[in-house]
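Asker: Just passing along the structure, written as C-alpha cells.
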Amino acid sequence: MYLQQPLSTQKSKMSTITHTQDTIPVAAGKWNASLYDDKHDFVFKYGEDLVEVLNPQPGERILDLGCGTGYLANLIAEKGAQVTGIDSSAEMITKAKEAYPALDFRVQSATEFYFDQSFDAIFSNAVLHWVLEKEKAIDCMYRNLKRNGRLVLEMGGRKNVEAIVTALQNSLTKHGFTEQAAIQQWYFPSLGEYTSLLEKRGFRVTYAAHYNRETELKDNANGIKDWIKMFGSIYLQNIEAPVVNMILEEVQDALRPVLFREGKWYGDYKRLRVVAIKSPSFREA
Ligand code: BEZ
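Quick note on my numbering: the sequence shown kicks off at 1 and runs consecutively.
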C-alpha cells in the first residue's frame, strides 16, 4: 500500500467496498494496516483475477509492487513463484511479514527501488494511480525486469471516480476552499497516455484495456461520505469539522441522482489494465 499518496483494486463487473468512519487513514501519508485488512480487503480481493493474468510459474522471480498486507503476494507464491513484495508503508510491510513470514517483504518506494537480481515479472494492483511521478516508476519497473520480463498492472484509468471528485471540488470551491479544490492527489491516465509512456521507455504493450468497474459502496446511508473520508481526506485538511460535515452532506446529495440506485451507493470506478514486455529492441526500432 503506497502512500505518498497511498496505493492498491479489480474485476470488470460489479465490486463492493465496505468502510465506515473509523477507516480514515490515521494521518496524512499513513494507513492503518489493520483497518485496511478488516474493512478494505476489497482492494486486494479484486486483484485475484489480475494474478490469473500474471499466470505465475513455479520458480519465477516476481515483484509485487505495492503489496499492501501481502494477500496477493501470497497468492502468487502459492503458485510456486519466488515473490518479493514492496510497499512504501512500513505499517503494511510489518503486517505482511506477520501474516506471511516465509515471504520476502520490504519497505521501498515505487519510484526508487533497486534489486541486485532482476525479475521475471512485475505485478502491480491498484497502486500506480497514487504515484504522481509516473515516469520514475516506469523507469524503475523497466530497470528491475529481465529482458523479455513482463509487467502486469491495473490502476485507476482516465475519468476514474470523476463524478465523486468533481462533486467534491464543486462544493469546496463554492465554500471558498479553492486551494483544497485544486489538489491533484491521483494520476488517472488514458490508455493511450500510459501505454505511450511504457513504449517510450522500451516496453512492448501486448494488452491494454480501459473499462468501467462500477463499485458498490457497502454503507447504504453514508457510502459517498465514507469513501471521501477514507480516500480523499487530503481535500478536507484544515477545514473545521462542522464545515467538513456540511460539505460531505452536500457532495453526497449532489451525487444521489447519479450514483445511488435501489438503495445502494456506487463509485464510478474506471480501471486501466495493461500487460507489457520489456523489449529493448522495440524501443530502438
Ligand atoms: C481506485 O482504486 O481507483 C481508487 C481508490 C481510492 C482512491 C482513488 C482511486
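Beta carbons: idealized from backbone N, C-alpha and C, even for Gly.
Taking DSSP as the reference, what is the three-state secondary structure of Lys229?
Answerer: Correct three-state label for Lys229: helix.
Asker: Is the segment 234-243 touching the segment 100-119 in the sense that three or more CB pairs, one from each, lie closer than 8 Å?
Answerer: Judged by Cβ distances under 8 Å, the segment 100-119 makes no contact with the segment 234-243, as fewer than three pairs qualify.
Asker: Between Tyr235 and Leu132, which are expected to be in contact by the criterion C-beta below 8 Å, what is the C-beta distance as a whole number of angstroms?
Answerer: Rounded, the Cβ-Cβ distance is 15 Å, inconsistent with contact.
Asker: Is the beta carbon of Trp265 within less than 8 Å of some heavy atom of the ligand BEZ?
Answerer: No.
Asker: Report all residues from its chain with a CB closer than 6 Å to the CB of Val320; omit the five preceding and five following residues, and keep chain order.
Answerer: Summary: the structure shown does not reach residue 320, with the chain confined to residues 1 through 285, and so no result is reported for it.
Asker: Under three-state DSSP, which class holds Phe188?
Answerer: Coil, per DSSP.
Asker: Can you tell me where the alpha helix (DSSP H) holding Ser171 begins and where it ends?
Answerer: Per DSSP, Ser171 belongs to the alpha helix (DSSP H) from 162-174.
Asker: Quick one: what's got a C-beta closer than 6 Å to Gly156's C-beta in the same chain, skipping five residues either side?
Answerer: For Gly156, where only same-chain residues beyond five positions count, the Cβ hits under 6 Å are His129, Phe188.
Asker: Which stretch, first to last residue, makes up the beta strand (DSSP E) that contains Asp87?
Answerer: Unbroken beta strand (DSSP E) run through Asp87: 82-87.
Asker: Could you give the first and the last residue of the continuous alpha helix (DSSP H) run that contains Thr178?
Answerer: Unbroken alpha helix (DSSP H) run through Thr178: 178-181.
Asker: Quick one: grab the DSSP three-state call for Gly223.
Answerer: Three-state DSSP puts Gly223 in a helix.
Asker: Looking at the structure shown, is Asn245 part of a helix, part of a strand, or coil, going by DSSP?
Answerer: Helix, per DSSP.
Asker: Please list, in chain order, all residues of the same chain as Pro280 whose beta carbon is under 7 Å from its beta carbon, the five residues on each side excluded.
Answerer: The residues are Arg147, Gly202.
Asker: Determine, using beta carbons only, whether Phe123 and Leu72 come nearer to each other than 9 Å.
Answerer: The answer is yes: Cβ separation under 9 Å.
Asker: By Cβ distance, which residues of its chain are closer than 7 Å to Cys67, with the 5 residues on each side in sequence left out?
Answerer: So the list reads Ala73, Gly85, Ile86, Asp87, Ala96, Phe105, once near-sequence residues are dropped.
Asker: When we look at the beta-carbon of Val258 and count the other beta-carbons within 10 Å, is it buried (16 or more) or exposed?
Answerer: Exposed, since its Cβ has fewer than 16 Cβ neighbours within 10 Å.
Asker: DSSP three-state label for Val127, please.
Answerer: Three-state DSSP puts Val127 in coil, outside helix and strand.
Asker: Cβ of Gly66 within 8 Å of any heavy atom in the ligand BEZ?
Answerer: Outside the cutoff, so no.
Asker: Exposed or buried, which one is Ser89 when buried takes at least 16 other CB atoms within 10 Å?
Answerer: So Ser89 counts as buried.
Asker: Should Arg271 be counted as a contact of the ligand SAM given a C-beta to heavy atom distance under 8 Å?
Answerer: Looking at this structure, you won't find the ligand SAM anywhere; what it does contain is the ligand BEZ.
Asker: From the DSSP output, in three-state form, read off Tyr206 for me.
Answerer: Note on identity: in this sequence residue 206 is Thr, with Tyr being the wrong assignment. Reduced to three states, the DSSP call for Thr206 is strand.
Asker: In the DSSP assignment, find the beta strand (DSSP E) that holds Ala276 and state where it starts and stops.
Answerer: Segment 270-278, the beta strand (DSSP E) holding Ala276.
Asker: Among Asp49, Thr166, Pro56, whose alpha-carbon lies nearest the alpha-carbon of Val251?
Answerer: Nearest of Asp49, Thr166, Pro56 to Val251, Cα basis: Thr166.
Asker: For Ile239, which of helix, strand or coil comes out of DSSP?
Answerer: Ile239 falls in the coil class under three-state DSSP.
Asker: Report the residue from Leu50, Thr215, Asp226, Ala126 whose alpha carbon sits nearest the alpha carbon of Asp268.
Answerer: The option with the nearest alpha carbon to Asp268 is Thr215.
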